[in-house]
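> Below are the structure tokens for one structure; questions will follow.
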Ligand code: FE2
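Numbering (the working numbering), first residue to last: 2 to 258.
See the structure below:
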């Protein structure tokens, strides 16, 4: 049996959220999707509120993953403990609220989803994501394992892909908001993509008004980040998994405008 997973790149701001709400269900139908993971850490620009988490869930996400902006909106902190469908990076230190991984029972299959944060150019005092993943894989069995590795460096993400090859069903990267063209199945059967891209305004710098980003690089004061209106994209990937092997057979990149 085939089990089809859809992973959606960082949803940025109200524009991105509205675009997700408009398109996610029809893409799920079109691509016969069984399970959907959405990165939601930029729903507020930086962070997400409980209301935004509920909107992403209602739009069709089975799981919402986060990253460096997990606590950008502090009202999410208590909500993380109450909402089992939201994951923050598992390698945050032990004092962080919420959970970093979970096994979801879908009747005929179990799906383990893990969220990790990288350590290159991201200073979060995080534990080693590689050894954290080893420990998680030992804890509980599941038919499929999915990993959203929220990281800056392509090298760190690729190294993780090879490290986990054959041990997880699929791994993808988030955080850079720029999709990479290296979707593939690794030699031992793990589906992989270095970065999914983002969901939000096309005419933007990573989802933010270009003028504000330019002002930052000129050394000025950009003001509070705003997401531009206008046409949007929803970027991500579909991983076709095999329930006999628990591994991946094909990866397809998506860019829904
Ligand atoms: Fe991020």
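Ideal placement from N, C-alpha and C gives every residue a C-beta, glycine not left out.
(1) Please go through the same chain and pick out, in chain order, the residues whose beta-carbon is closer than 8 Å to the beta-carbon of residue 9, but skip the five residues on each side of it.
(2) Short check: CB of residue 130 to CB of residue 166, under 8 Å?
(3) Could you say which of 112, 193, 14 lies nearest to residue 73 if we only look at CA atoms?
(4) May I have the straight-line CA-CA distance separating residue 116 from residue 137, to the nearest angstrom?
(5) How long is the line joining the alpha carbons of residue 108 and residue 145, rounded to whole angstroms?
(6) Return yes when the Cβ of residue 71 is within less than 8 Å of the Cβ of residue 90, no when it is not.
(7) Does the Cβ of residue 68 lie closer than 7 Å to at least one heavy atom of the ligand FE2?
(8) Below 8 Å CB to CB, which residues in the same chain sit around residue 67 once its five sequence neighbours on both sides are set aside?
(9) Suppose only complete runs of 4+ residues qualify. What are the alpha helix (DSSP H) ranges in the stretch 173-240, listed by chain order?
(10) Quick check on the burial criterion: 16 or more other C-beta atoms within 10 angstroms. Buried or exposed for residue 121?
(11) Classify residue 53 as buried or exposed, calling it buried when 16 or more other Cβ atoms lie within 10 Å of its own Cβ.
(12) Alpha carbon to alpha carbon, how far is residue 110 from residue 143? Give it in angstroms, no decimals.
(13) Using a Cβ-Cβ cutoff of less than 6 Å, which residues in the same chain neighbour residue 148 once the five nearest sequence positions on both sides are dropped?
(14) Buried or exposed: which applies to residue 230, given that a residue is buried once 16 or more other Cβ atoms fall within 10 Å of its Cβ?
(15) How many Å lie between residue 124 and residue 154 at the Cα?
(16) I need the straight-line Cα distance from residue 248 to residue 78, nearest angstrom please.
(17) Exposed or buried, residue 250, counting other C-beta atoms within 10 Å across all chains shown (16 or more means buried)?
(18) State the Cα-Cα distance for the pair residue 190 and residue 216, rounded to the nearest angstrom.
(19) Apart from the five residues just before and just after residue 232, which ones in its own chain have a Cβ nearer than 8 Å to its Cβ?
(20) Count the other CB atoms within 10 Å of the CB of residue 35; is the residue buried (16 or more) or exposed (fewer)?
(21) Report buried or exposed for residue 157, applying the criterion of at least 16 other Cβ atoms within 10 angstroms of its Cβ.
(22) Going by C-alpha to C-alpha distance, which of 133, 244, 64, 93 sits closest to residue 104?
(23) Starting from residue 66, trace the beta strand (DSSP E) both ways and give me its first and last residue.
(24) Can we count residue 42 as close to the ligand FE2, meaning its CB is less than 7 Å from some heavy atom?
(25) Are the beta-carbon atoms belonging to residue 28 and residue 194 less than 8 Å from one another?
(26) Is it right to say residue 211 is buried, meaning 16 or more other beta carbons lie within 10 angstroms of its own, or is it exposed?
Let's see:
(1) Within the chain shown, the letter at position 8 stands for residue 9. Contacts found: 21, 25, 37, 38, 39, 40, 62, 197, 200, 235, 236, 237.
(2) Position 129 of the chain shown, counted from the start, is the residue given in the question as residue 130. Position 165 of the chain shown, counted from the start, is the residue given in the question as residue 166. For residue 130 and residue 166, no; Cβs fall outside 8 Å.
(3) Within the chain shown, residue 73 is the residue found at index 72, counting from 1. Comparing Cα positions, the closest option is 14.
(4) On the chain shown, position 115 is the one that residue 116 refers to. On the chain shown, position 136 is the one that residue 137 refers to. Between residue 116 and residue 137, the C-alpha separation is close to 11 Å.
(5) As a working mapping, residue 108 is identified with position 107 in the chain shown. As a working mapping, residue 145 is identified with position 144 in the chain shown. Distance between the alpha carbons of residue 108 and residue 145 is about 13 Å.
(6) Stepping through the chain shown from its first residue, residue 90 is reached at position 89. Stepping through the chain shown from its first residue, residue 71 is reached at position 70. Yes, the pair counts as a contact, with Cβ atoms nearer than the cut-off.
(7) The sequence position of residue 68 within the chain shown is 67, counting from 1. For the ligand FE2, at least one heavy atom lies less than 7 Å from the Cβ of residue 68.
(8) Start at 1 with the first residue of the chain shown, and residue 67 comes out as number 66. Same-chain partners within the cutoff: 40, 41, 42, 49, 87, 88, 89, 90, 116, 151.
(9) 211-219
(10) Within the chain shown, numbered from 1, the residue matching residue 121 stands at position 120. Residue 121 should be labelled exposed.
(11) Locating residue 53 in the chain shown gives position 52, where the first residue counts as 1. It is buried - the Cβ of residue 53 has at least 16 other Cβ atoms within 10 Å.
(12) If you number the chain shown from 1, residue 143 lands on position 142. If you number the chain shown from 1, residue 110 lands on position 109. For residue 143 and residue 110, the distance between alpha carbons rounds to 8 Å.
(13) As a first step, residue 148 is located in the chain shown; it is residue number 147 there, counting from the start. These residues qualify, in order along the chain: 115, 169, 172.
(14) Stepping through the chain shown from its first residue, residue 230 is reached at position 229. Answer is exposed; the Cβ neighbour count stays below 16.
(15) One-based indexing of the chain shown puts residue 124 at position 123. One-based indexing of the chain shown puts residue 154 at position 153. Each residue's Cα considered, the two are about 13 Å apart.
(16) The sequence position of residue 248 within the chain shown is 247, counting from 1. The sequence position of residue 78 within the chain shown is 77, counting from 1. Those two C-alpha atoms are separated by around 34 Å.
(17) For this step, residue 250 is matched to residue 249 along the chain shown. Residue 250 should be labelled exposed.
(18) Translated into positions along the chain shown, residue 190 becomes position 189. Translated into positions along the chain shown, residue 216 becomes position 215. The straight-line gap from Cα to Cα measures roughly 45 Å.
(19) Along the chain shown, read from residue 1 onward, the residue named residue 232 stands at position 231. Excluding positions up to five away in sequence, the list reads 202, 203, 204, 258.
(20) By 1-based counting over the chain shown, the position of residue 35 is 34. With a threshold of 16 other beta carbon atoms within 10 Å, residue 35 meets it and is buried.
(21) Residue 157 sits at position 156 when you count from the first residue of the chain shown. It is buried - the Cβ of residue 157 has at least 16 other Cβ atoms within 10 Å.
(22) Start at 1 with the first residue of the chain shown, and residue 104 comes out as number 103. The residue with the shortest Cα to Cα distance from residue 104 is 64.
(23) What you label residue 66 is simply residue 65 of the chain shown in a count that begins at 1. Element bounds for residue 66: 64-66.
(24) As a working note, residue 42 is residue 41 in the chain shown. Checking every heavy atom of the ligand FE2 against the Cβ of residue 42, one is found closer than 7 Å.
(25) As a first step, residue 28 is located in the chain shown; it is residue number 27 there, counting from the start. As a first step, residue 194 is located in the chain shown; it is residue number 193 there, counting from the start. Cβ distance not < 8 Å, so residue 28 and residue 194 don't count as in contact.
(26) Counted from its first residue, the chain shown places residue 211 at position 210. Exposed, since its Cβ has fewer than 16 Cβ neighbours within 10 Å.
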